[in-house]
Amino acid sequence: MGKHGEYGGKVVQAVEYVYQWQYLVLAVNGVSGRLWWDWTSDMTSRALAGVVSQWGDQGLSTVVWDRARGHGGAADDAISVHRIEQPAYSPELNPAERVFEWLRSQIEGVVYGTLEAKREAVERALRELNASPARIQRLAGWAWIRDALTGVLE
Numbered sequence: 012m013g014k015h016g017e018y019g020g021k022v023v024q025a026v027e028y029v030y031q032w033q034y035l036v037l038a039v040n041g042v043s044g045r046l047w048w049d050w051t052s053d054m055t056s057r058a059l060a061g062v063v064s065q066w067g068d069q070g071l072s073t074v075v076w077d078r079a080r081g082h083g084g085a086a087d088d089a090i091s092v093h094r095i096e097q098p099a100y101s102p103e104l105n106p107a108e109r110v111f112e113w114l115r116s117q118i119e120g121v122v123y124g125t126l127e128a129k130r131e132a133v134e135r136a137l138r139e140l141n142a143s144p145a146r147i148q149r150l151a152g153w154a155w156i157r158d159a160l161t162g163v164l165e
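Sequential numbering of the sequence shown, starting at 12, is according to the working numbering.
Structure representation (structure tokens):
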């Protein structure tokens, strides 16, 4: 009998211990099936406002976001993109959370070696998803979201 009993098994997985990060800022239109994303080094209101303002220049008119710490402040007042604010700690109401959940399932369990390699894996997965509007619609375009946003996104 082995170390972990007759029926047991030991899961062995490589682990990375590197403390580097970048933040993925993501917007999803579950109605049209389109994603917007960018990267920032912090989650301050100023950093997020800069990203969302650029998306506004590219045609994004509305974002749904929670009241996380960086989603508020004086910098937000300069954003021309309409914001629909949700209660704090309500990820089940935010279509982007479904995309984050899918994304984690695509990249977890791999040792990337560098932050850049992991970022490229995220970029590849997002480009693949963004090339399939129907898949995004299935993932994040629930009927109640489409109904709630009718008129806002037009």
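Don't be surprised by glycine CBs; every beta carbon is placed ideally from N, CA and C.
*asked:* Counting C-beta neighbours from all protein chains within 10 Å, is the total for residue 76 16 or more, i.e. buried, or is it exposed?
replied: Residue burial annotation: residue 76 is buried, with at least 16 other C-beta atoms found within 10 angstroms of its C-beta.
*Which runs of the beta strand (DSSP E) fall wholly inside the stretch 62-107 and span at least 3 residues, in chain order?*
You should have 73-76 and 93-96.
_Quick check: the stretch 54-74 against the stretch 126-136, are at least 3 beta-carbon pairs closer than 8 angstroms?_
Of all C-beta pairs linking the stretch 126-136 to the stretch 54-74, fewer than three are shorter than 8 angstroms, placing the two stretches out of contact.
_Buried or exposed (CB count within 10 angstroms, at least 16 for buried), residue 12_ = In this prediction, residue 12 has a pLDDT of 47, which is less than 50 and means its spatial position is unreliable; nothing more can be read from the coordinates.
_Can you look up residue 133 in the DSSP assignment and give me helix, strand or coil?_
Residue 133 carries a helical assignment under DSSP once its states are collapsed to helix, strand and coil.
*May I ask you to verify whether the stretch 85-97 touches the stretch 116-127, counting CB pairs closer than 8 angstroms and requiring at least 3?*
By the Cβ criterion, the stretch 85-97 is not in contact with the stretch 116-127, since fewer than three pairs of Cβ atoms, one from each stretch, lie closer than 8 angstroms.
*Determine, using beta carbons only, whether residue 44 and residue 144 come nearer to each other than 7 angstroms.*
Going by C-beta atoms, residue 44 is nearer than 7 angstroms to residue 144.
*asked:* Less than 7 angstroms between C-beta atoms, sequence neighbours within five positions excluded: which residues of the same chain meet that for residue 66?
replied: The answer, listed in chain order, is 38, 47 and 92.
_Supposed contact pair residue 52 and residue 33 - C-beta distance, whole angstroms, cut 8 angstroms_ = Between residue 52 and residue 33 the Cβ distance is about 6 angstroms, and since that is below 8 angstroms, they are a contact.
_Determine whether the beta carbon atoms of residue 128 and residue 90 lie at a separation below 7 angstroms._
No, the pair does not count as a contact, with Cβ atoms beyond the cut-off.
_Any beta carbon from chain B within less than 7 angstroms of residue 21's own beta carbon?_
In the structure shown, chain B cannot be found, because there is only a single protein chain.
*asked:* Taking DSSP's pairing of strands, which residues face residue 49 in a bridge?
replied: Paired residue(s): 36.
*Span of the alpha helix (DSSP H) around residue 151*: 144-151 is the extent of the alpha helix (DSSP H) around residue 151.
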